[in-house]
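Peer 1:
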Amino acid sequence: MTNQPRQAKILVCLVVSMTAGAAVLMALDNQSISAGAFSLASYSSLGSINSVTITRQQTTADRWDKIEIYYSNTKGGDLAQIASLAGLTNSDDLNFHFLVCNSLGGLDGQIQPTEKWLNQWSALPSGGWYGSSKTIRVCVVGEKPEGASNYQVSRTEELVENLARSFNIPATSIHYPADWQL
Numbered sequence: 722m723t724n725q726p727r728q729a730k731i732l733v734c735l736v737v738s739m740t741a742g743a744a745v746l747m748a749l750d751n752q753s754i755s756a757g758a759f760s761l762a763s764y765s766s767l768g769s770i771n772s773v774t775i776t777r778q779q780t781t782a783d784r785w786d787k788i789e790i791y792y793s794n795t796k797g798g799d800l801a802q803i804a805s806l807a808g809l810t811n812s813d814d815l816n817f818h819f820l821v822c823n824s825l826g827g828l829d830g831q832i833q834p835t836e837k838w839l840n841q842w843s844a845l846p847s848g849g850w851y852g853s854s855k856t857i858r859v860c861v862v863g864e865k866p867e868g869a870s871n872y873q874v875s876r877t878e879e880l881v882e883n884l885a886r887s888f889n890i891p892a893t894s895i896h897y898p899a900d901w902q903l
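So for the sequence shown, our numbering puts the first residue at 722; every next one is plus one.
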């Protein structure tokens, strides 16, 4: 029983060093503590990326050559809500291919394909966007100052990697918002 003081010292040192290590890692991370923990169980419940990228129409490897990711500039929403906020009567008229939800309107990180993607239709140049007919547009729900959640970033990255691999899109042809944190 003479080892008890030694074991207590080791336990205290271990707890202190782990706490200090966690504090250093959180200080180096650009996310706030309020961003929350990243749960693998809730992440995997969002479904596979392959199931989201299924289309109704046959696709060819040269169909798409660019990917653009941008913010919806809304606090929240799903396809129907984003369409309504844009003044559209139907979510089929949305001018992007995928919507990556935050926790306001859909599950955080949930990816919803649009009719444009399912039918392999191009997004139309409009507003401030003048992309090509070969650009895949991914809309991330949120506003620039707040940025995207951890789930949104990781799911968007997974989607982009899948699309880039499927359509041989080089990294130089993938465009993220200026404040996007990979």
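Just so it is clear, CB atoms sit at the ideal spot from N, CA and C, and this is done for glycine as well. Computed from a predicted structure; not experimentally measured.
1) For residue 892 and residue 878, I'd like the C-alpha separation in whole angstroms.
2) I need the DSSP call for residue 773, collapsed to helix, strand or coil.
3) Does the segment 800-807 come close enough to the segment 871-887 that 3 or more CB-CB pairs lie under 8 Å?
4) According to the neighbour-count rule (16 or more other Cβ atoms, all chains shown, within 10 Å of its Cβ), is residue 815 buried or exposed?
5) Can you tell me which of the three DSSP states residue 901 falls into?
6) Can the beta-carbon of residue 797 be found closer than 9 Å to that of residue 825?
7) If you drop the 5 nearest sequence neighbours on each side, which residues of the same chain put their C-beta closer than 6 Å to that of residue 907?
8) Could you check where the alpha helix (DSSP H) with residue 877 kicks off and where it finishes?
9) What are the boundary residues of the beta strand (DSSP E) that residue 833 is part of?
10) Which residue wins for smallest C-alpha separation from residue 767, given the options 852, 829, 902?
11) Alpha carbons only, please: which of 871, 725, 852, 795 is nearest the one belonging to residue 787?
12) First and last residue of the beta strand (DSSP E) that includes residue 806?
13) What does the alpha-carbon distance come out to for the pair residue 822 and residue 800?
14) Could you check how far apart the C-beta atoms of residue 820 and residue 833 are, in whole angstroms? I think they sit under 8 Å.
15) So the beta strand (DSSP E) residue 817 belongs to, where does it begin and stop?
16) Short check: CB of residue 775 to CB of residue 895, under 9 Å?
Peer 2: On the basis of the coordinates in this document:
1) Working through the sequence shown from its first residue, we reach residue 892 at position 171. Working through the sequence shown from its first residue, we reach residue 878 at position 157. Their Cα atoms are separated by approximately 12 Å.
2) The residue labelled residue 773 in the question sits at position 52 within the sequence shown. Three-state result, residue 773: helix.
3) These segments do not touch.
4) Counted from its first residue, the sequence shown places residue 815 at position 94. Counting Cβ neighbours within 10 Å, residue 815 comes out buried, since at least 16 surround it.
5) Along the sequence shown, read from residue 1 onward, the residue named residue 901 stands at position 180. In the structure shown, residue 901 sits in coil (DSSP, three-state: anything other than H, G, I, E or B).
6) Taking the sequence shown and counting its residues from 1, the one referred to as residue 797 is at position 76. Taking the sequence shown and counting its residues from 1, the one referred to as residue 825 is at position 104. A distance below 9 Å separates the beta carbons of residue 797 and residue 825.
7) The shown model of the chain, from 722 to 903, leaves out residue 907, and the question about it has no answer.
8) Reading the sequence shown from its first residue, position 156 is the one you call residue 877. 871-888 is the extent of the alpha helix (DSSP H) around residue 877.
9) In the sequence shown, the residue the question calls residue 833 occupies position 112. Per DSSP, residue 833 is one residue of the beta strand (DSSP E) stretching across 832-834.
10) Working through the sequence shown from its first residue, we reach residue 767 at position 46. Comparing C-alpha distances from residue 767 to each of 852, 829, 902 shows the shortest one belongs to 829.
11) Residue mapping note: residue 787 aligns to position 66 of the sequence shown, counting from 1. Of 871, 725, 852, 795, the residue nearest in Cα terms is 852.
12) For the purposes of this step, residue 806 is taken as the residue at position 85 of the sequence shown. For residue 806, there is no enclosing beta strand (DSSP E); the enclosing alpha helix (DSSP H) has its first and last residue at 800-806.
13) On the sequence shown, residue 822 is found 101 positions in, with the first residue counted as 1. On the sequence shown, residue 800 is found 79 positions in, with the first residue counted as 1. About 9 Å.
14) In the sequence shown, counting from the first residue as 1, residue 820 sits at position 99. In the sequence shown, counting from the first residue as 1, residue 833 sits at position 112. The C-beta separation of residue 820 from residue 833 comes to about 5 Å, placing the pair in contact by the 8 Å criterion.
15) Walking along the sequence shown from the start, residue 817 turns up at place 96. Where residue 817 is concerned, there is no enclosing beta strand (DSSP E), given that its DSSP letter is neither H nor E.
16) Along the sequence shown, one-based indexing puts residue 775 at 54. Along the sequence shown, one-based indexing puts residue 895 at 174. 9 Å or more divides the Cβ of residue 775 from the Cβ of residue 895.
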